[in-house]
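Report on the structure given below.
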Ligand code: HEM
Ligand SMILES: *[C@@H]1O[C@H](CO)[C@@H](O)[C@H](O)[C@H]1NC(C)=O
Ligand SMILES: *[C@@H]1O[C@H](CO)[C@@H](O)[C@H](O)[C@H]1NC(C)=O
Ligand SMILES: *[C@@H]1O[C@H](CO)[C@@H](O)[C@H](O)[C@H]1NC(C)=O
Ligand SMILES: *[C@@H]1O[C@H](CO)[C@@H](O)[C@H](O)[C@H]1NC(C)=O
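Laid out in structure tokens, this is it:
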């Protein structure tokens, strides 16, 4: 079938474009490497998220004494930059012993240590405190020539940390109150900012490739299923009788479009639920809630195949109104949730946003063209006597399904 071919082409094209954007080992930028060299730090890697770069040098006499340099390029609303180690099994926010560089509104920089407990995630104030990890030679700097904010420290790790399996975490925030860093944004970049690194050979375990692929599959299936087939099916239902005048085939086209959209969309939704399940440390609540509503109500719409009253039935008219209203509202909620999901990818959302906006624009152009056709035809026809020509402007009454 042609639609399957088109589908396959779109999916593989998106895959190509998007997988190019998810490279794994990234060396440091030249300017950050030079900054690191001036501090006698020779190992350096770009972190996978937030544009943060990380340099380190293990002390020759004592392997648990490590010089670190963490940097991020200047961004107008950057207010804090954090780095920390976590003694627990997994790298995660809670339990992290962190060092945070703050950029105050008066222009000065300061640097302190913080113990990040579960209370902080619940909304308690994060204030400087002692931590079990030693942070000496703390230094926060702005390097004007390369436009880098950096934090430097000599980290003295207690014996229960292992530098060949060190859980470390980095983060940036856009708000501070004095010495208190405020909540960071919650996009994927901000929750993916953890890894287990081997400082001896510079290898790191990050969010694995599978998760990245699943995210892509999730996005593509949803955009094609809920975002393309479903609205296309609605358009077919609305315009096929008039102006297209394919009186019998339209219902078949409408239903097969909706079934395809429903199957693709539901598969995408299931992948999304799976993604939510494996990301134990965070949830995107609004996105998830909307997705549940969308699934529930599209299922209700799908039941229309079985449950719709007979053509002759008295409340068929009311039923049609209900089916249409729910259909249109669903399209609105779907596109809102689509933008919501795309926003989670900040700041890598551009390709997705353009792809989806492109689809919306295409659908919009088709709708406008059909509307113009409808009106042109309607104007050209001699005014029909109301009882004799039920096909023309009365399409609302007998458009069974949308
Ligand atoms: C300033 C106060 C902070 C608050 C209120 C806060 C709150 C949160 C919340 C609510 C989440 C979950 C996001 C979601 O479910 O969508 C989260 C995730 C995360 N935060 Fe924070 N955070 C703070 C500071 C920090 C700092 C300083 C760091 C780094 C040192 C950090 C690193 C992370 C990481 C890596 C995640 C990903 C999930 C995890 O590992 O638990 N946060 N934060
Ligand atoms: C870097 O190492 C050289 C040679 O060991 C030393 O002279 C210099 O002071 C060190 N610089 C810093 C910033 O530690
Ligand atoms: C830091 O927080 C942990 C709980 O996450 C606690 O066990 C530890 O004693 C705290 N450290 C200090 C120095 O207060
Ligand atoms: C650190 O971890 C590595 C790899 O897991 C292991 O081979 C090594 O024995 C550990 N070192 C210590 C001091 O626990
Ligand atoms: C700037 O503000 C911070 C936090 O309010 C304060 O600790 C610091 O002393 C101020 N620095 C200057 C130079 O005024």
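In mature numbering (1 follows the signal peptide of the UniProt record, and there is no 0), the protein residues as written are -23 to -1, 1 to 379.
Quick reminder that beta carbons are idealized off the backbone N, C-alpha and C, glycines included.
DSSP places residue 116 in the strand class (E or B) of the three-state scheme. In the DSSP assignment, residue 332 falls within the alpha helix (DSSP H) that extends over 327 to 357.
When the alpha-carbon of residue 66 is set against those of 124, 138, 93, the nearest one is in 138. Judged by beta-carbon spacing, residue 199 lies within the 9 Å limit of residue 249, meaning their Cβ atoms are closer than that value. Residue pairing from DSSP places residue 86 in a beta bridge opposite 80. Taking C-beta atoms under 8 Å as the contact rule, residue 109 and residue 74 qualify, at a distance of about 6 Å. Here residue 41 has 134 as same chain residues with Cβ atoms under 6 Å from its own Cβ, once five neighbours each way along the sequence are excluded.
Our two residues, residue 326 and residue 159, have alpha carbons roughly 24 Å apart in a direct line. The C-beta distance from residue 143 to residue 62 rounds to 6 Å, short enough to meet the 8 Å contact threshold. The residue from 76, 287, 136 with its alpha-carbon nearest to that of residue 107 is 76. Remark: the shortest separation between the CB of residue 146 and any heavy atom of ligand 1 falls under 8 Å. For residue 251, the closest of 238, 240, 239, 265 by C-alpha to C-alpha distance is 265. The beta carbon of residue 98 is closer than 8 Å to those of 70, 71 in its chain, skipping five residues each way along the sequence. Two segments are said to touch when three or more pairs of C-beta atoms, one from each, lie closer than 8 Å; by this definition the region 87 to 102 touches the region 115 to 124. Looking only at 282, 187, 239, the smallest Cα-Cα distance to residue 229 is reached by 282. Between the region 199 to 214 and the region 340 to 354 there are three or more inter-stretch CB-CB distances shorter than 8 Å, so the stretches are counted as touching. In the DSSP assignment, residue 33 is bridged to 20, 45. Contact check for residue 18 against residue 176 fails: the beta carbons are separated by 9 Å or more.
Take the alpha-carbon of residue 287 and the one of residue 299: they are about 15 Å apart. At the C-beta level, residue 33 and residue 20 come within 9 Å of one another. Annotation for residue 7: the continuous alpha helix (DSSP H) segment containing it runs 7 to 15. Classified as buried, residue 234 has 16 or more neighbouring CB atoms from the shown chains inside 10 Å of its CB.
Contiguous alpha helix (DSSP H) elements confined to the region 161 to 207 occur at 165 to 168, 186 to 201, taking only those with 4 or more residues.
Straight across, the Cα-Cα distance linking residue 268 with residue 232 is about 22 Å.
In this structure, ligand 3 has no non-hydrogen atom nearer than 8 Å to the beta-carbon of residue 344. Placement of the Cβ of residue 70 at a distance of less than 8 Å from at least one heavy atom of ligand 1 is found.
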